[in-house]
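A.B. asks: Let me give you the structure first, and then I'll get to my questions.
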Amino acid sequence: MGEMTMNYDANSIQTLSFVDAIRTRIAMYMGSADNAGVLQCVREIITNSIDEATMGFGKKITVTLDGNTVTVEDEGRGVPFGVRESDGVDAIVAIYTMPHSGGKFDNKTYQNVAGMNGIGAKGTALSSDYFSAQSTRDGRTCTLIVENGKVTSLTTVKATSTKTGTKVIFTPSQEVYNLEPIHINFSDLKEMCKNWSYLSSGIEFALEDKTTKEKVKYLSKNGIKDFIKDNAVPLHKTPLYIKMEENGIKCEVAAFWTKERHEKSFTFTNGLANPEGGTSLTGVKTALTTFFKKHINDTVSPDVARTGLFYVVNCQVPNPSFANQTKTKVNNPELRGLCQRATGKMLDEFSKRHTDEFNRIISMLTKEAKAEIAAEKARAQILKAEKDIGSNQKKKVFASDKLKDAEVLGEKSTLLLVEGNSAASSLANARTNDYGILALRGKPINVLTNDLEKILDNEEIKLLLSAMNIVPFKYDSKKLRYGRLGIASDADADGGHIALLVTIALQYFAPEFIKEGRLVRLESPYYIVKKGGKEYYFMNEQDINVKGDVHLCKGLGSLSPEQAHRSMFTEEFQSIKVVELDEEDIELLNGLMGKDTELKKQYVQENIDFSQVRE
25 MGEMTMNYDA NSIQTLSFVD AIRTRIAMYM GSADNAGVLQ CVREIITNSI
75 DEATMGFGKK ITVTLDGNTV TVEDEGRGVP FGVRESDGVD AIVAIYTMPH
125 SGGKFDNKTY QNVAGMNGIG AKGTALSSDY FSAQSTRDGR TCTLIVENGK
175 VTSLTTVKAT STKTGTKVIF TPSQEVYNLE PIHINFSDLK EMCKNWSYLS
225 SGIEFALEDK TTKEKVKYLS KNGIKDFIKD NAVPLHKTPL YIKMEENGIK
275 CEVAAFWTKE RHEKSFTFTN GLANPEGGTS LTGVKTALTT FFKKHINDTV
325 SPDVARTGLF YVVNCQVPNP SFANQTKTKV NNPELRGLCQ RATGKMLDEF
375 SKRHTDEFNR IISMLTKEAK AEIAAEKARA QILKAEKDIG SNQKKKVFAS
425 DKLKDAEVLG EKSTLLLVEG NSAASSLANA RTNDYGILAL RGKPINVLTN
475 DLEKILDNEE IKLLLSAMNI VPFKYDSKKL RYGRLGIASD ADADGGHIAL
525 LVTIALQYFA PEFIKEGRLV RLESPYYIVK KGGKEYYFMN EQDINVKGDV
575 HLCKGLGSLS PEQAHRSMFT EEFQSIKVVE LDEEDIELLN GLMGKDTELK
625 KQYVQENIDF SQVRE
């Protein structure tokens, strides 16, 4: 680091050359100075090839990854080369090294393209250790080589083939991107090109990873309709689709409602992904809300209207306006109105042509709307309880005698769920000061087979969520009253059922709670061995390694406070197991405890041997 000076005068003002600006401030041009910026380099070059193909020049784009070197080759017209009359600079040098140089500043050569600022390709060329652009056209091949931001070679020779096109090879600079090492993920390239194939129907993307020898091809015939069919599990059979054009601007929308709760949207402008959406996405969302307010009721929220919606918005604009150089958000105001009108028309036509499917969507959204109202009421109750608890941590939740709070609350404390007063009394007198006790006098409701309003009206659910300070669907680990929830139910069918219902409820309301390992089973002993005036506790018969009088434990309620303390709260005998759920577990729980009777029947048939069942 250079020596600091307090002098600040005219001589302190510096002017960076374009090359230096790129190489020292790459984040300004590529969005970031990390691997995301490197990926943007790749994106800039490929989109130039897409622009050519979209204009009707070429049907195939080849992308090759060899370590950190990327090659992009197209079948387009080839970028222009030859000396310009205006300044004596070769056109290909201007295209790849001079700011704001290109053929896309008017609508004469290109229409509806992604690159409009004349920066992207230069950012790639000048931020690379090595960059080569080879253009073949008019019977000649011109090759430009740029190394570390400087032009090192420019040659033109007679073409060896009649084919035209542009081939770009580049290796991003580790120095510029301050990465060690630079790593270009082939899966990222595949995802990009796969999405582009949906937006550029009829154009083939051929990719190869030289290191792994993996080769893939992407070619879509039906565009974004293929996109939603390949990536969504629909609630209904027929996709929603519309294509509309006004004043040279094209809007295309495709959608499916799925069985998932959350929406997924993908926005593209001139073949370029806009992960932050923009005016086009706003227009679609406005149309959805307006339409379903009319067909359900005026209280339908925007979130409800888009529940489970998987949709793609693809627009072609002669003069696109983006929020930044990386084009993550489109700003054209005219897109909002067009996309809103197109989406409204799409929904109206679908509702009339596919009545049964439309009614199924309406039914699902209506239930969601009712559930949202119920959830808001329940959230208000729970938030009130949260406020009460916050004012006095030892205050009983809902003034309930079922809760015996721990003396020490917070991250290192545990709330134990037990069945009934007997077990609660035993553990309350046996616990250490960092354990709270919540006695369940009934079973929690099954959240998979009941409406949300009914679920949140269940006394056991309200007590559980309030005691833990978990707000449904708004989980925040920092606001938990207890760091863990422990299930201490008896090892019988009822105890197992309670544990299952509690697990399902938490997976439903706050899945992150389980993922963080905060749900545990605190096991009570099955066997008590008495020897020489001492007691030893075991969970399994095969674990018994002490000779003495063996007693079968009849449940938590049968334990004295001394026995409960020693067997469940001391390191010598305590058995705590974290409840873990993987995707298969969740799917099985949803199936067996949900409303799908056929799945339950199938599971029983496949997993129970009835020949072994005796009368």
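With my numbering applied, the sequence shown has no gaps in its numbers, which climb one by one up to 639 at the end.
By construction, the Cβ of each residue, glycine as well, lies at the ideal position given by its N, Cα and C atoms.
Keep in mind the model is a prediction, meaning the values are calculated, not measured.
Using 10 angstroms around the beta-carbon of residue 564, count the other beta-carbons present and answer buried if the total reaches 16, otherwise exposed.
C.D. replies: If you number the sequence shown from 1, residue 564 lands on position 540. It is exposed - the Cβ of residue 564 has fewer than 16 other Cβ atoms within 10 Å.
A.B. asks: Residue 338 bridges to which residues according to DSSP?
C.D. replies: Residue numbering aside, residue 338 sits at position 314 when the sequence shown is read from its first letter. 276 and 292.
A.B. asks: Along the chain, where does the alpha helix (DSSP H) containing residue 360 start, and where does it finish?
C.D. replies: Sequence index remark: in the sequence shown, residue 360 carries index 336 (1-based). 357-377 is the span of the alpha helix (DSSP H), which, as asked, contains residue 360.
A.B. asks: Look at the alpha carbon of residue 234 and the alpha carbon of residue 93, and state the distance between them as a whole number of angstroms.
C.D. replies: Here the question's residue 234 lines up with position 210 in the sequence shown. Here the question's residue 93 lines up with position 69 in the sequence shown. Spanning the two alpha carbons is a distance of roughly 10 Å.
A.B. asks: Nearest-angstrom Cα distance between residue 32 and residue 88?
C.D. replies: The residue you call residue 32 lines up with position 8 of the sequence shown. The residue you call residue 88 lines up with position 64 of the sequence shown. Straight-line Cα distance between these residues: approximately 49 Å.
A.B. asks: State the Cα-Cα distance for the pair residue 522 and residue 258, rounded to the nearest angstrom.
C.D. replies: Against the sequence shown, residue 522 aligns to sequence position 498. Against the sequence shown, residue 258 aligns to sequence position 234. Annotation: residue 522 to residue 258 spans about 34 Å, alpha carbon to alpha carbon.
A.B. asks: Can you give the Cα-Cα distance for residue 195 and residue 302, rounded to whole angstroms?
C.D. replies: If you number the sequence shown from 1, residue 195 lands on position 171. If you number the sequence shown from 1, residue 302 lands on position 278. When rounded, the distance between both Cα atoms is 32 Å.
A.B. asks: Going straight from the alpha carbon of residue 566 to that of residue 576, what length do you get?
C.D. replies: For the purposes of this step, residue 566 is identified with residue 542 of the sequence shown, where counting begins at 1. For the purposes of this step, residue 576 is identified with residue 552 of the sequence shown, where counting begins at 1. Straight-line Cα distance between these residues: approximately 14 Å.
A.B. asks: Which residue's Cα is closest to the Cα of residue 462: 427, 309 and 454?
C.D. replies: On the sequence shown, position 438 is the one that residue 462 refers to. For residue 462, the closest of 427, 309 and 454 by C-alpha to C-alpha distance is 427.
A.B. asks: Output the distance between the C-alpha atoms of residue 388 and residue 460, rounded to the nearest integer angstrom.
C.D. replies: The count along the sequence shown starts at 1 and reaches residue 388 at position 364. The count along the sequence shown starts at 1 and reaches residue 460 at position 436. Straight-line Cα distance between these residues: approximately 40 Å.
A.B. asks: If you follow the beta strand (DSSP E) that residue 268 is in, where does it begin and where does it stop?
C.D. replies: Translated into positions along the sequence shown, residue 268 becomes position 244. That run of the beta strand (DSSP E) goes 264-270.
A.B. asks: Which full runs of the beta strand (DSSP E) of 3+ residues lie inside the stretch 214-240, going along the chain?
C.D. replies: Within the stretch 214-240, the complete beta strand (DSSP E) runs of at least 3 residues fall at 228-233.
A.B. asks: I think residue 547 touches residue 501, with their Cβ atoms under 8 Å apart; what is that distance to the nearest whole Å?
C.D. replies: On the sequence shown, position 523 is the one that residue 547 refers to. On the sequence shown, position 477 is the one that residue 501 refers to. Actually they are not in contact, since the Cβ atoms of residue 547 and residue 501 sit about 25 Å apart, beyond 8 Å.
A.B. asks: Quick check on residue 159: does DSSP put it in helix, strand or coil?
C.D. replies: One-based indexing of the sequence shown puts residue 159 at position 135. It is a strand residue.
A.B. asks: Whole alpha helix (DSSP H) runs in the stretch 429-476 with 4 or more residues, listed along the chain?
C.D. replies: 444-452
A.B. asks: Roughly how many whole angstroms lie between the Cα atoms of residue 224 and residue 200?
C.D. replies: The residue labelled residue 224 in the question sits at position 200 within the sequence shown. The residue labelled residue 200 in the question sits at position 176 within the sequence shown. About 33 Å.
A.B. asks: So residue 194 is in the beta strand (DSSP E); what residue range does that whole segment cover?
C.D. replies: In the sequence shown, residue 194 corresponds to position 170, counting from 1. Counting along the chain, the beta strand (DSSP E) containing residue 194 begins and ends at 189-196.
A.B. asks: Looking only at its own chain, which residues have a Cβ that is under 8 Å from the Cβ of residue 466, when we skip the five neighbours before and after it?
C.D. replies: As a working note, residue 466 is residue 442 in the sequence shown. Answer for residue 466: 483 and 484, listed in chain order.
A.B. asks: Looking at residue 337: is its Cβ nearer than 9 Å to the Cβ of residue 363?
C.D. replies: Translated into the one-based positions of the sequence shown, residue 337 becomes position 313. Translated into the one-based positions of the sequence shown, residue 363 becomes position 339. Contact flag set, yes.
A.B. asks: Near residue 123, which residues of its chain fall below 8 Å by C-beta distance, leaving aside the five closest residues on each side in sequence?
C.D. replies: By one-based count along the sequence shown, residue 123 stands at place 99. Result list for residue 123: 42, 142, 143 and 146, in chain order.
A.B. asks: Can you give me the Cβ contacts of residue 306 inside the same chain, cut-off strictly under 7 Å, excluding the 5 residues immediately before and after it?
C.D. replies: Along the sequence shown, one-based indexing puts residue 306 at 282. 360, listed in sequence order.
A.B. asks: To the nearest angstrom, how far is the alpha carbon of residue 266 from that of residue 75?
C.D. replies: For the purposes of this step, residue 266 is taken as residue 242 along the sequence shown, with counting starting at 1. For the purposes of this step, residue 75 is taken as residue 51 along the sequence shown, with counting starting at 1. The C-alpha of residue 266 lies about 23 Å from the C-alpha of residue 75.
A.B. asks: Of the residues 180, 189 and 153, which one's Cα is nearest the Cα of residue 160?
C.D. replies: Translated into the one-based positions of the sequence shown, residue 160 becomes position 136. Considering only alpha carbons, the answer is 189.
A.B. asks: Rounded to the nearest angstrom, what separates residue 380 and residue 278 at their Cα positions?
C.D. replies: Residue mapping note: residue 380 aligns to position 356 of the sequence shown, counting from 1. Residue mapping note: residue 278 aligns to position 254 of the sequence shown, counting from 1. Rounded to the nearest angstrom, the two C-alpha atoms are 19 Å apart.
A.B. asks: When the Cα atoms are used, what is the spatial distance from residue 150 to residue 171?
C.D. replies: Looking up residue 150 in the sequence shown gives position 126. Looking up residue 171 in the sequence shown gives position 147. Approximately 8 Å, taken between the alpha carbons.
A.B. asks: Enumerate in chain order the residues of its own chain whose CB-to-CB distance from residue 538 is below 7 Å, with the five nearest sequence positions on each side excluded.
C.D. replies: For the purposes of this step, residue 538 is taken as the residue at position 514 of the sequence shown. 530, 531, 603 and 605, listed in sequence order.
A.B. asks: Three or more C-beta pairs under 8 Å: does that hold for the stretch 319-333 against the stretch 290-299?
C.D. replies: no
A.B. asks: Contact check, residue 505 vs residue 440 under 8 Å by CB: the rounded distance?
C.D. replies: Working through the sequence shown from its first residue, we reach residue 505 at position 481. Working through the sequence shown from its first residue, we reach residue 440 at position 416. Wrong, their Cβ atoms sit about 13 Å apart, outside the cutoff.
A.B. asks: Give me the Cα-Cα distance between residue 80 and residue 268, rounded to the nearest whole angstrom.
C.D. replies: Residue 80 sits at position 56 when you count from the first residue of the sequence shown. Residue 268 sits at position 244 when you count from the first residue of the sequence shown. Spanning the two alpha carbons is a distance of roughly 21 Å.
A.B. asks: So what does residue 606 bridge to, in DSSP terms?
C.D. replies: For the purposes of this step, residue 606 is identified with residue 582 of the sequence shown, where counting begins at 1. DSSP lists no partner for residue 606.
A.B. asks: Excluding sequence positions up to five away, which residues of its chain have a Cβ less than 6 Å from the Cβ of residue 418?
C.D. replies: Taking the sequence shown and counting its residues from 1, one reaches residue 418 at position 394. Residue confidence for residue 418 is low, a pLDDT of 46 falling below 50, so the modelled location carries little weight and cannot support an answer.
A.B. asks: Let me know if residue 493 comes out buried or exposed under the rule of 16 or more other beta-carbons within 10 Å of its beta-carbon.
C.D. replies: Here the question's residue 493 lines up with position 469 in the sequence shown. So residue 493 counts as buried.
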